[in-house]
Amino acid sequence: MKKKIVALVLSTVMTAALAGCGESASAPANTTANSDSNSVAAAQATGSEGGYSTDSITINIWDSNQQAGLQAIADDWTAKSGVKVNIEVIDWDNYWTLLEAGASGGEMPDVFWMHSNTAQMYMENDILLDLTDYIAADDAVKQENYYEGVWNLYSSNGKQYALPKDHDTIALLYNKAIFDKYNVEYPTDDWTWNDMYEAAKTITEASNGDVYGMAMNTSNNQDGWYNLVYDYGAKVITEDHKGTTIGSAEGKAGMEMVRQLLTVGAPQSVVAETGTDSLFISGKTAMITQGSWMINAFYTAENHADYAWAMLPYADTNNNGACDEGERYSAYNGLGWAANANVADPKACYDLISYFCSEEGQKKQAELGVTMGGLKGVSEAFSSAFEGMDVSAFVRAEEEGDLFFRPYTRKTTVWEDALQQQGGFLDAWQDPSDSALMATCCDNAQKIIEDAIAAE
Amino acid sequence: MAKIKMTPSQKRQAIWGWAFILPTMLGLIVLNYYPAINTVYQSLCKTGDFGKGNIFVGLNNYKAVLGSGEMWQSLWNTVKYAIIEVPLGIVIALVLAVLLQNKLAGKTIFRTLFFLPMVCAPAAVAMVWKWLYNQQFGLLNNIFHTNVAWISDPRIAWISVGIIGVWSIIGYNMVLFIGGLQEIPKDYYEAAQIDGASGIRQFFSITVPLLSPTTFFIVQTRIIGALTVFDLMFMVMDKTNLALNKTQSIVYLFYTYAFTNGNRGYGAAIVMVLVVFIMIVTFFLQKLEKKIVFYN
Numbered sequence: 021m022k023k024k025i026v027a028l029v030l031s032t033v034m035t036a037a038l039a040g041c042g043e044s045a046s047a048p049a050n051t052t053a054n055s056d057s058n059s060v061a062a063a064q065a066t067g068s069e070g071g072y073s074t075d076s077i078t079i080n081i082w083d084s085n086q087q088a089g090l091q092a093i094a095d096d097w098t099a100k101s102g103v104k105v106n107i108e109v110i111d112w113d114n115y116w117t118l119l120e121a122g123a124s125g126g127e128m129p130d131v132f133w134m135h136s137n138t139a140q141m142y143m144e145n146d147i148l149l150d151l152t153d154y155i156a157a158d159d160a161v162k163q164e165n166y167y168e169g170v171w172n173l174y175s176s177n178g179k180q181y182a183l184p185k186d187h188d189t190i191a192l193l194y195n196k197a198i199f200d201k202y203n204v205e206y207p208t209d210d211w212t213w214n215d216m217y218e219a220a221k222t223i224t225e226a227s228n229g230d231v232y233g234m235a236m237n238t239s240n241n242q243d244g245w246y247n248l249v250y251d252y253g254a255k256v257i258t259e260d261h262k263g264t265t266i267g268s269a270e271g272k273a274g275m276e277m278v279r280q281l282l283t284v285g286a287p288q289s290v291v292a293e294t295g296t297d298s299l300f301i302s303g304k305t306a307m308i309t310q311g312s313w314m315i316n317a318f319y320t321a322e323n324h325a326d327y328a329w330a331m332l333p334y335a336d337t338n339n340n341g342a343c344d345e346g347e348r349y350s351a352y353n354g355l356g357w358a359a360n361a362n363v364a365d366p367k368a369c370y371d372l373i374s375y376f377c378s379e380e381g382q383k384k385q386a387e388l389g390v391t392m393g394g395l396k397g398v399s400e401a402f403s404s405a406f407e408g409m410d411v412s413a414f415v416r417a418e419e420e421g422d423l424f425f426r427p428y429t430r431k432t433t434v435w436e437d438a439l440q441q442q443g444g445f446l447d448a449w450q451d452p453s454d455s456a457l458m459a460t461c462c463d464n465a466q467k468i469i470e471d472a473i474a475a476e
Numbered sequence: 428m429a430k431i432k433m434t435p436s437q438k439r440q441a442i443w444g445w446a447f448i449l450p451t452m453l454g455l456i457v458l459n460y461y462p463a464i465n466t467v468y469q470s471l472c473k474t475g476d477f478g479k480g481n482i483f484v485g486l487n488n489y490k491a492v493l494g495s496g497e498m499w500q501s502l503w504n505t506v507k508y509a510i511i512e513v514p515l516g517i518v519i520a521l522v523l524a525v526l527l528q529n530k531l532a533g534k535t536i537f538r539t540l541f542f543l544p545m546v547c548a549p550a551a552v553a554m555v556w557k558w559l560y561n562q563q564f565g566l567l568n569n570i571f572h573t574n575v576a577w578i579s580d581p582r583i584a585w586i587s588v589g590i591i592g593v594w595s596i597i598g599y600n601m602v603l604f605i606g607g608l609q610e611i612p613k614d615y616y617e618a619a620q621i622d623g624a625s626g627i628r629q630f631f632s633i634t635v636p637l638l639s640p641t642t643f644f645i646v647q648t649r650i651i652g653a654l655t656v657f658d659l660m661f662m663v664m665d666k667t668n669l670a671l672n673k674t675q676s677i678v679y680l681f682y683t684y685a686f687t688n689g690n691r692g693y694g695a696a697i698v699m700v701l702v703v704f705i706m707i708v709t710f711f712l713q714k715l716e717k718k719i720v721f722y723n
């Protein structure tokens, strides 16, 4: 009898284990199945209104900070059109894996975000719905009203495949409480990168390494070290998207400044395990650089009253003590709203995209503090979206400083990932005390990027 | 053997036989054989985006893979992982199985507890361990008042990852051992007791040899399992982790090339290398089986 019970328990546990295996293996399939059944259920529940053949649209995005705001805008559209909108968030790394697998296998979301990293590849392979004709017939969307870099990013061979959803800039985030504690003056718009170095050094040394003056890791490229490379006069990717000058003397000077900052910041072994944002929010680091798309995460954090933003420091390359043209750069990038080329009801998808990018949608996006606009003229609304937190540094970055578009080529992730790892910049990041090593890494980076472009 | 003409009833049986295995056959062909053959084909191609426009390039991918230090490093990492996971997972599981075989209050509870890791999703297990190991806020460093970079120091990260593997697999191995133990006739132990053999002596002279078929089965399946490990490294190691090169398994490397970088042909060549490696290992294991395994 007892043996039977044991056997029973064991077999139950075994079955549970097997079920567990099955579950984890088929998880992606399940999610798609779910969204399918959702749309079917929705179709049965609402019936069709507004002349669309579909009753629900599935959207995939990668930033959970934006989900609530975008859903609010989408709900406004649902009220007009009667078509339901489901927004699903998939984290950045898996987003691209799933989207590419979906594009190869024919199971894609209806509407989704495009990014400079991969846009060219998706456009050339007819994965994205061609929006050109819809735009021509649409009064709400006029090319000249959008940020040029973002608009052009999503056009290929004279066709437009996505509409600008937003644009973003970079600023310096600091924790006032830590600056007060160690008696260091707050960052200002007149700071050079050397001033940042001195402040970080004071804090790291005064706290005996308990708090880091700053934190940056190799994956903070757009919001981190890319900006220094441009400040010092080099380019990660040249304007024709066919080369790089990161191995030049200017590139090395920029990365040398990065190296110095790292010597007084959080070590690589720390930031690789705990992201810079988590370090900042938990009060372990006094300064980080971040993009405007992340404001909400800090605005809603527990100690947000201590946080403040300043413009990114500049590089005084001509030593005249003032910030001249070309000495303060901020990366900018913009996402695009794109649709699946094989979607059942392209008109419904376009109308949703058009609503997101119309003045009404863009204004609401800014007012809700989701992101800055892809449409010009809504920055004001964005600045005032965060009551009690001054985020004007992001707007001033484009008014007073220079912008460069986030470096991209046809297969950006190939070299971008390689630069982050060993053989790229990681070696110097790991041991920032060695100035010669950083110079070698710049040479390696030059080769990595050139080889990757050659293989595209 | 000459072909014998089947009687009508034999024919019926044969037809039904085929009908019964048809679902499995279809599943195997669609889900296993077709992808396997396609992988071999892709490994000979420079693959295009989204599975379109493959160009046949012969053995170029293999030349690149075999000439890359990264691939050999990853293969070595995988072997190191197997060296930790397989022996430790088996020895600990065997000891536990023998202990839990004895009369012990609440042994079913212990069995269930040890089996629990097997019921959890591997990704969840890895996430929990990742935070236990965390240098800044991790429980391990807090309890022992140390400041060890468990998963980002290249010298120890591979051991840390191996320990997670051992922890996850013990329960499964243990259940198999318990099954094996129950098949050993009690007479041997009674006879040994009458002869005055100690518990330890009984363990080494009766349990270990009579359990060798089970042990061998576990060794073989676990070696293959360990060589194809992916989820642990994928969940625990961040891309910017400086120990990544020294811990990433060969399947992780395949994932990076095939899915992250979109270079399926190169990725396919990497897994083909792994397949050949596993075949060689299995071949030697089979040879070994004849020598050391005791079937009664």
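Residue numbers (the numbering used here), protein chains in the order written: chain H, 21 to 476; chain S, 428 to 723.
Quick reminder that beta carbons are idealized off the backbone N, C-alpha and C, glycines included.
Judged by DSSP secondary structure, GLU400 of chain H falls within the alpha helix (DSSP H) whose first and last residues are 399-403.
Taking all protein chains shown into account, LYS367 of chain H has fewer than 16 neighbouring C-beta atoms within 10 Å of its C-beta and is therefore exposed. At least one CB of chain H lies nearer than 9 Å to the CB of GLN563 of chain S.
Chain-ordered, the chain H residues with CB closer than 9 Å to the CB of LYS666 of chain S read ASP113, THR238, SER239, ALA292, ASP437, GLN440 and GLN441. Annotation: ASN529 of chain S is outside any beta strand (DSSP E) and is labelled neither H nor E by DSSP. For MET331 of chain H, the three-state secondary structure derived from DSSP is strand.
Membership of GLY444 of chain H in any beta strand (DSSP E) is not indicated, and neither H nor E is assigned to it by DSSP. Interface residue (Cβ-Cβ distance to chain S less than 9 Å): ALA121 of chain H is classified as such.
Under the DSSP assignment, LEU654 of chain S falls in the alpha helix (DSSP H) whose first and last residues are 639-654. For VAL522 of chain S, the closest alpha carbon among the candidates S:MET452, S:ALA532, S:ARG538 and S:CYS472 is that of S:ARG538.
Residues of the segment 462-484 of chain S whose Cβ lies closer than 7 Å to any Cβ of chain H, in chain order: ASP476, PHE477, GLY478 and LYS479. Listed in chain order, the beta strand (DSSP E) elements of length 3 or more contained wholly in the segment 277-352 of chain H are 305-311, 327-331 and 349-352.
When the alpha-carbon of SER84 of chain H is set against those of H:ASP95, H:LYS272 and H:GLU108, the nearest one is in H:GLU108. Here ASN240 of chain H carries a coil assignment [DSSP, helix/strand/coil].
For chain H, the residues of the segment 675-699 of chain S that bring a beta carbon within less than 9 Å of one of its beta carbons are TYR682, THR683, PHE686, THR687, ASN688, GLY689 and ASN690, in chain order. In the DSSP assignment, ALA191 of chain H falls outside any alpha helix (DSSP H) and lies within the beta strand (DSSP E) extending over 190-195.
Sequence-distant Cβ neighbours of VAL602 of chain S in its own chain, meaning closer than 7 Å and more than five residues away, are PHE542. Taking VAL492 of chain S as the centre and dropping the five residues before and after it, the same chain places the C-beta of MET498, TYR693, ALA696, ILE697 and VAL700 closer than 7 Å to its C-beta, in chain order. Contact of ILE308 of chain H with chain S by beta-carbon distance below 8 Å is absent, the smallest such distance being about 15 Å. ASN487 of chain S is outside the set of residues whose beta carbon lies under 9 Å from a beta carbon in chain H.
Just measuring C-alpha positions, the residue of S:LEU608, S:PRO549 and S:PRO450 sitting nearest ILE596 of chain S is S:PRO549. Here ASP75 of chain H carries a coil assignment [DSSP, helix/strand/coil].
Straight across, the Cα-Cα distance linking SER76 of chain H with GLY102 of chain H is about 9 Å.
Near chain S, meaning a CB-to-CB distance below 9 Å, the residues of the segment 418-437 of chain H are LYS431, THR433, VAL434 and ASP437. When the Cα atoms are used, ASP422 of chain H and GLY341 of chain H turn out to be separated by approximately 18 Å.
Annotation: GLN466 of chain H to ILE473 of chain H spans about 11 Å, alpha carbon to alpha carbon. At a cut-off of 9 Å between C-beta atoms, LYS557 of chain S counts as an interface residue with respect to chain H. A residue is called buried once 16 or more other Cβ atoms fall within 10 Å of its Cβ, and HIS572 of chain S, having fewer, is exposed. Close CB contacts of TRP449 of chain H within its chain, under the 8 Å cut and outside five residues either way in sequence, are with ASN237, THR238, LEU282 and GLN288 (chain order).
Here ILE431 of chain S is exposed, its C-beta having fewer than 16 other C-beta atoms within 10 Å. With a beta-carbon spacing of about 7 Å, TYR682 of chain S and PHE657 of chain S fall inside the 8 Å limit used to define contacts. DSSP places GLY356 of chain H in the uninterrupted beta strand (DSSP E) bounded by 356-359. With a minimum length of 4 residues, the unbroken runs of alpha helix (DSSP H) contained wholly in the segment 371-397 of chain H fall at 379-387.
For TYR352 of chain H, the closest C-alpha among the options H:LYS304, H:ARG426 and H:ASN316 is that of H:ARG426. Taking the Cα positions, THR74 of chain H is about 6 Å away from ASP365 of chain H. Beta-bridge annotation (DSSP): GLU108 of chain H is paired with H:ASN80.
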